[in-house]
Amino acid sequence: MTQLSCKKIAAADAKIAAADVKIAAADAKIADNKARIAAADAKIAAADVKIAELDKINKKGAEINLALEALDKTINDYSNNKITARQFQSRTARLPQLVEEIKIHIAHVKRVIQDPKVLAIYSGYEEGIQRIAQHVALINAANRAKK
Numbered sequence: 006m007t008q009l010s011c012k013k014i015a016a017a018d019a020k021i022a023a024a025d026v027k028i029a030a031a032d033a034k035i036a037d038n039k040a041r042i043a044a045a046d047a048k049i050a051a052a053d054v055k056i057a058e059l060d061k062i063n064k065k066g067a068e069i070n071l072a073l074e075a076l077d078k079t080i081n082d083y084s085n086n087k088i089t090a091r092q093f094q095s096r097t098a099r100l101p102q103l104v105e106e107i108k109i110h111i112a113h114v115k116r117v118i119q120d121p122k123v124l125a126i127y128s129g130y131e132e133g134i135q136r137i138a139q140h141v142a143l144i145n146a147a148n149r150a151k152k
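Residue 6 is where the sequence shown starts when you use the working numbering, and the numbers rise one by one after that.
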């Protein structure tokens, strides 16, 4: 081999080595991008779980709101003498169970949603339902005492 061919071979080897470095850098970038994609996928999965939890909270909240609206109507009907004491008692019989459901729901909301504003609102709900339950219990006790 001549000196010129050795130089050409050395130059080609240098170009191959440079290409290998570029390939290694590209592989590193690909690996980094795959890691970022995996992290993004994990965040998406976590968000999907959170959305599912929020959907459950909304559904349960809607059920509780319907029950509270019915309770409110019952109290108003009794206050306006549209229903008897016995009807009032039978319609409010489920109230202790409803109070427990609400407490469980509020605890669940507090675990899932860490927003201080939401937590303050739900703390107010908890106090309000306790007052309603006490009020209904007093009315039922007074009605039993009348008998």
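Heads up, the beta-carbon is just placed ideally off N, CA and C, and yes, glycines get one too. Computed from a predicted structure; not experimentally measured.
Taking a cut-off of 8 Å on C-beta distances, the segment 21-40 does not touch the segment 89-101, as fewer than three cross pairs fall below it. When secondary structure is reduced to three states using DSSP, Gln119 falls in the coil class, being assigned neither helix nor strand.
When Cβ pairs closer than 8 Å are counted between the two stretches, the segment 105-112 is seen to touch the segment 58-70, the count reaching three or more. For Asn85, the three-state secondary structure derived from DSSP is coil.
Judged by their CB atoms, Leu103 and Val141 are not nearer to each other than the 8 Å cut-off. The DSSP-derived three-state label of Ala138 is helix.
The straight-line gap separating the alpha-carbon atoms of Lys151 and Leu143 is approximately 12 Å.
Boundaries for Arg99: no alpha helix (DSSP H) harbours it, and the DSSP string shows neither H nor E there. Spanning the alpha carbons of Leu76 and Gly129 requires a straight line of approximately 18 Å.
Assigned with DSSP and collapsed to three states, Thr7 falls in coil, not helix or strand. A straight-line Cα-Cα distance of about 47 Å links Ala23 and Val54. If you ignore the 5 residues before and after Ala72, its C-beta comes within less than 6 Å of the C-beta of Leu103, all in its own chain and listed in chain order.
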